[in-house]
Amino acid sequence: MSWNKEIVFVGGKGGVGKSTSAAALAVQAAAAGRRTLLVSTDPAHNTGDIFGREIGGKPVQVEDHLWALEIDSEVETSRYIAQVKENIRETVHSGMMEEVHRQLDTAKASPGADEAALFDKLISIILEERSRFDQIIFDTAPTGHTIRLLSLPELMGVWIEGLLKKRKKTNENYSRLLNDGEPVEDPIYDVLKERQERFAKAREVLLDPSLTSFVFVLNPERLPILETKKACDLLETYDMRVDTILINKVLPDSADGEFLAERRRHELQYLQDIDDTFPQQRRIRIPMQPHDITSKADLEAFSRHLGS
Numbered sequence: 001m002s003w004n005k006e007i008v009f010v011g012g013k014g015g016v017g018k019s020t021s022a023a024a025l026a027v028q029a030a031a032a033g034r035r036t037l038l039v040s041t042d043p044a045h046n047t048g049d050i051f052g053r054e055i056g057g058k059p060v061q062v063e064d065h066l067w068a069l070e071i072d073s074e075v076e077t078s079r080y081i082a083q084v085k086e087n088i089r090e091t092v093h094s095g096m097m098e099e100v101h102r103q104l105d106t107a108k109a110s111p112g113a114d115e116a117a118l119f120d121k122l123i124s125i126i127l128e129e130r131s132r133f134d135q136i137i138f139d140t141a142p143t144g145h146t147i148r149l150l151s152l153p154e155l156m157g158v159w160i161e162g163l164l165k166k167r168k169k170t171n172e173n174y175s176r177l178l179n180d181g182e183p184v185e186d187p188i189y190d191v192l193k194e195r196q197e198r199f200a201k202a203r204e205v206l207l208d209p210s211l212t213s214f215v216f217v218l219n220p221e222r223l224p225i226l227e228t229k230k231a232c233d234l235l236e237t238y239d240m241r242v243d244t245i246l247i248n249k250v251l252p253d254s255a256d257g258e259f260l261a262e263r264r265r266h267e268l269q270y271l272q273d274i275d276d277t278f279p280q281q282r283r284i285r286i287p288m289q290p291h292d293i294t295s296k297a298d299l300e301a302f303s304r305h306l307g308s
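This is the structure we're talking about:
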């Protein structure tokens, strides 16, 4: 079952109840006695609001057996750039360091820098926190961001492979010309090689269906269905398969009135579309709640619809 995997990614279009679903899954896992870590990569960071407390970039215990952390993209980007500066410190002439640092600081604001930093943090959590927790649940950003984040292990692995080949060739030429054929120490090559190995390990975990589960949350409406279908198809191209669809905010049978009756007629068609569009996935319907999810009791009530 999806809920027993070591790693669960919960994604979906903004506003469909993704953070609530991820939190409910985490509460359910913790109630079963599993040591659980809930990680938010969504810039909106609703996790702290759901649990009614401040949550930062380090695991904070919010319930028995349950910890949470929120990844701040700005903090992680600054940390990531600082790490790059440290990695190149021994390879750049001191007279050029100021200019190199200026270029790196400029790169910090460039498109994609925050995603690279988030990806680096995500990899660290997957590889280093698994030994401390029975289950890690990721509340990911809206769909497009999630897809890019999850596809990065393969894309960056290919990119680094190319860099390593070029770096190795350059060093071999340098050795033959200037170093009598003796190998040249290359800290940058070592850093790239180490990152390649980390990416490979993360990719191995992400692609193992016995370890990792991908869950998408949607509402019975046209646009979320279309967007989720595109997301599932794109993940398939990276050999990552969504195994569960959570259909949130389904009108309960007790809802009455002419307006809701008309709404239900439209909803039934969308529910049929979901069944037709996602025949290979487990589909779980969650009724619309009469109020916002604002307490542990609300989360527990919500989680009862998730199954086990």
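The sequence shown begins at 1 in our numbering and counts up one residue at a time. By construction, the Cβ of each residue, glycine as well, lies at the ideal position given by its N, Cα and C atoms. Source: prediction; values computed, not measured.
Practice task
Look up aspartate 321 in the DSSP assignment and say whether it is helix, strand or coil.
Solution key: Residue 321 lies beyond the residue range present for the chain, which begins at 1 and ends at 308; the question has no answer from this structure.
Exercise for the section: Identify the continuous alpha helix (DSSP H) that holds serine 254 and give its terminal residues. Expected result: On the sequence shown, position 254 is the one that residue 254 refers to. No alpha helix (DSSP H) contains serine 254, which DSSP labels as neither H nor E.
Problem - Alpha carbon of methionine 221 to alpha carbon of glycine 33, nearest angstrom - result: Within the sequence shown, residue 221 is the residue found at index 221, counting from 1. Within the sequence shown, residue 33 is the residue found at index 33, counting from 1. According to the sequence provided, residue 221 is glutamate. The question's methionine does not apply to it. Going by the C-alpha atoms only, they are around 36 angstroms apart.
Problem - Straight-line Cα distance separating leucine 69 from arginine 79 - result: For the purposes of this step, residue 79 is taken as residue 79 along the sequence shown, with counting starting at 1. For the purposes of this step, residue 69 is taken as residue 69 along the sequence shown, with counting starting at 1. Each residue's alpha carbon lies about 17 angstroms from the other.
Handout entry: Cβ pair asparagine 248, valine 217 closer than 7 angstroms
Key = Taking the first residue of the sequence shown as position 1, residue 248 is located at position 248. Taking the first residue of the sequence shown as position 1, residue 217 is located at position 217. Their beta carbons are under 7 angstroms apart, which means asparagine 248 touches valine 217 by this criterion.
Practice task
Report the three-state DSSP secondary structure of valine 27 (helix, strand or coil).
Solution key: As a working note, residue 27 is residue 27 in the sequence shown. Three-state DSSP puts valine 27 in a helix.
Practice task
Could I get the ranges of all uninterrupted beta strand (DSSP E) runs contained in the region 199-232, with 3 residues as the minimum, in chain order?
Solution key: Complete beta strand (DSSP E) runs here, min 3: 212-218.
Practice task
Would you check if there are 3 or more beta carbon pairs closer than 8 angstroms linking the region 10-23 to the region 119-128?
Solution key: no
Exercise for the section: Closer than 7 angstroms by C-beta to glycine 48: which residues in its own chain qualify, once you throw out the five before and the five after it? Chain order, please. Expected result: Reading the sequence shown from its first residue, position 48 is the one you call residue 48. Excluding positions up to five away in sequence, the list reads Glu54, Ile55 and Glu70.
Exercise for the section: Report all residues from its chain with a CB closer than 7 angstroms to the CB of leucine 177; omit the five preceding and five following residues, and keep chain order. Expected result: Taking the first residue of the sequence shown as 1, we reach residue 177 at position 177. With a pLDDT of 48 at leucine 177, under the threshold of 50, the predicted position of this residue should be treated as unreliable, and no value is reported.
Handout entry: Check whether histidine 299 and valine 39 have beta carbons under 7 angstroms apart
Key = Locating residue 299 in the sequence shown gives position 299, where the first residue counts as 1. Locating residue 39 in the sequence shown gives position 39, where the first residue counts as 1. Note on residue identity: the sequence assigns leucine, not histidine, to residue 299. Against a cut-off of 7 angstroms, the Cβ pair of valine 39 and leucine 299 comes out as no contact.
Practice task
Could you check the C-alpha separation between aspartate 233 and alanine 117 for me, to the nearest Å?
Solution key: The sequence position of residue 233 within the sequence shown is 233, counting from 1. The sequence position of residue 117 within the sequence shown is 117, counting from 1. Taking the straight line from one Cα to the other gives about 26 angstroms.
Exercise for the section: Would you kindly report the start and end of the unbroken alpha helix (DSSP H) that includes glycine 57? Expected result: The residue given as residue 57 occupies position 57 in the sequence shown. Per DSSP, glycine 57 belongs to no alpha helix (DSSP H) and is neither H nor E.
Practice task
With DSSP collapsed to three states, give me the class of glutamate 267.
Solution key: Here the question's residue 267 lines up with position 267 in the sequence shown. Residue state, collapsed to three classes: helix.
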